[in-house]
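Chemist:
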Amino acid sequence: MTRTVISPEEGEVLRQLYAEYVAAVSQAGAVCIAKGMDSPEFQEADKAAGAIRRRIYEIRGDADQHWMA
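All residue numbers for the sequence shown refer to our numbering, where the first residue is 1 and numbers rise by one.
1. Using the Cα positions of P40 and V31, report the straight-line distance between them to the nearest angstrom.
2. Is the beta carbon of A24 closer than 8 Å to that of A49?
3. Pick helix, strand or coil for I56, following the three-state DSSP scheme.
4. DSSP state of L14, grouped into three classes?
5. Could you tell me the alpha carbon to alpha carbon distance between D38 and K47, rounded to whole angstroms?
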């Protein structure tokens, strides 16, 4: 279950992580279109976005939400 209270420090970290996540997903999308889903570059970009997403889940307290992991 997601926590309802997040400290200001965690909120700032989440804002930064969300910005990094958007950039990582955008990068993965651009690589996917340019080189295809099977390219090593896409696999690497996708893993980077996934790592950021998992960190966001940990901070929010819903790390057990593996349906998107």
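Here a beta-carbon is modelled for each residue, glycine too, at the ideal position from N, C-alpha and C.
Modeler: Quick look at the numbers:
1. Separation of P40 and V31 (C-alpha to C-alpha, rounded to the nearest whole angstrom) is 10 Å.
2. Yes, Cβ-Cβ distance for A49 and A24 is below 8 Å.
3. Shown here, I56 sits in a helix according to DSSP, grouped into three states.
4. In the displayed model, L14 falls within a helix according to three-state DSSP.
5. Roughly 13 Å between the two C-alpha positions.
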